Amino acid sequence: VLVVGKLGDGPLRFNELRSAVGGISQKMLTTTLRGLERDGFVTRTVFPTIPPRVDYELTDLGYELLVPVGALGEWARKNTERVKAARAKFDGIHA
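Residue numbering for the sequence shown is 1317 to 1411, as defined by this note's numbering.
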């Protein structure tokens, strides 16, 4: 979800995307990007330069996904405190 949102502003290189998302491992970002590419949401473009440059960009299908992703993000922002309270309650019961 975060990766799709960050790519909504245009193409990014791997490390730019990793910095923009924050707190994601290289392995997890690679796995996420491969899945998004496989599903048709992202394209991966390799440029024949030294060192090699790889850009990731949303496809038309990926841009369509921005609307529901944005709605999910807004829902998460509005309900952060409720989720924290539910976690605290759960942790108190299962400690």
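Note that CB positions come from ideal geometry on N, CA and C, so glycine has one too.
All figures in this text were calculated on a predicted structure; none of them were measured in a lab.
query = Does DSSP classify residue 1407 as helix, strand or coil?
reply = The count along the sequence shown starts at 1 and reaches residue 1407 at position 91. Helix, per DSSP.
key: Nearest to residue 1328 (by Cα), restricted to the options 1350, 1361, 1355, 1411   = Here residue 1328 is taken as the residue at index 12 of the sequence shown, counted from 1. Among 1350, 1361, 1355, 1411, the Cα nearest to that of residue 1328 belongs to 1361.
request  = Out of 1363, 1386, 1368, 1358, state which residue places its alpha-carbon closest to the alpha-carbon of residue 1374.
outcome  = Translated into the one-based positions of the sequence shown, residue 1374 becomes position 58. The shortest C-alpha to C-alpha distance from residue 1374 to any of 1363, 1386, 1368, 1358 is the one to 1358.
query = So, do the stretch 1336-1353 and the stretch 1386-1400 have three or more beta carbon pairs nearer to each other than 8 Å?
reply = The stretch 1336-1353 and the stretch 1386-1400 do not touch, with fewer than 3 CB-CB distances between them shorter than 8 Å.
request  = Return yes when the Cβ of residue 1320 is within less than 9 Å of the Cβ of residue 1378, no when it is not.
outcome  = To locate residue 1378, count along the sequence shown from 1; it is residue 62. To locate residue 1320, count along the sequence shown from 1; it is residue 4. Yes, the Cβ-Cβ distance between residue 1378 and residue 1320 is below 9 Å.
inquiry  = Taking the alpha carbon of residue 1368 as the reference point, which residue from 1330, 1324, 1323 has its own alpha carbon closest?
reply    = If you number the sequence shown from 1, residue 1368 lands on position 52. From the listed residues 1330, 1324, 1323, the smallest Cα separation to residue 1368 is found for 1330.
query = Do you know offhand how far residue 1397's Cα is from residue 1364's?
reply = What you label residue 1397 is simply residue 81 of the sequence shown in a count that begins at 1. What you label residue 1364 is simply residue 48 of the sequence shown in a count that begins at 1. Rounded to the nearest whole angstrom, the C-alpha separation of residue 1397 and residue 1364 is 48 Å.
ask   = Roughly how many angstroms lie between the CA atoms of residue 1421 and residue 1401, to the nearest whole one?
value = The requested residue 1421 is not part of the displayed model; the chain covers only 1317 to 1411.
query = What residues in its chain sit with their C-beta under 8 Å from that of residue 1334, if we drop five residues either side in the sequence?
reply = Counted from its first residue, the sequence shown places residue 1334 at position 18. The residues 1340, 1342, 1345, in chain order, have a CB closer than 8 Å to that of residue 1334 in the same chain once the five nearest residues on each side in sequence are set aside.
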